[in-house]
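In my numbering, the protein residues as written are 1 to 88. To start, the structure under review is shown below, and the notes come after it.
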């Protein structure tokens, strides 16, 4: 919301105040399908990265190794989602 010049509180009328963000957030909502859930979580990570990198703060400590480990783990889970032989 701050990117749109709005106070970053509440989400009422998000579609009016920040239509681009609202459209992006739609991709974070999945149905009941495992593949959709995996894609939604991966898109949440992308949105988080976009927001994090837009913050220019010396107080923000970026833990690149932890980020890489967690995204690698999510990728392995997402690969297993496509496996129909009973994997994760």
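Cβ atoms here follow ideal geometry from the backbone N, Cα and C, with glycine treated the same way. As the structure is a computational prediction, the values presented were derived from the model and not from experiment.
Expected contact under 8 Å - CB spacing of residue i and residue j to nearest Å
i          : j          : result
residue 28 : residue 48 : Between residue 48 and residue 28 the Cβ distance is about 10 Å, and since that is not below 8 Å, they are no contact.
residue 34 : residue 81 : 5 Å
Counted within 10 angstroms of its Cβ, other Cβ atoms place residue i as buried (16 or more) or exposed
i          : result
residue 18 : buried
residue 38 : buried
residue 79 : exposed
residue 68 : exposed
Residues of its chain near residue i, where Cβ-Cβ distance is below 8 Å and the 5 sequence neighbours each way are ignored
i           : result
residue 115 : A query on residue 115 cannot be resolved here, the shown segment of the chain reaching from 1 to 88 and no further.
Spatial neighbours of residue i in its chain, beta-carbon cut-off 6 Å, leaving aside the 5 residues before and after
i          : result
residue 54 : none
Cβ neighbours of residue i in the same chain (closer than 7 Å, five flanking residues each side left out)
i          : result
residue 24 : 47
contact_flag[the region 57-64, the region 13-32] where n(CB pairs < 8 Å) is 3 or more: The region 13-32 and the region 57-64 do not touch, with fewer than three beta-carbon pairs separated by less than 8 Å.
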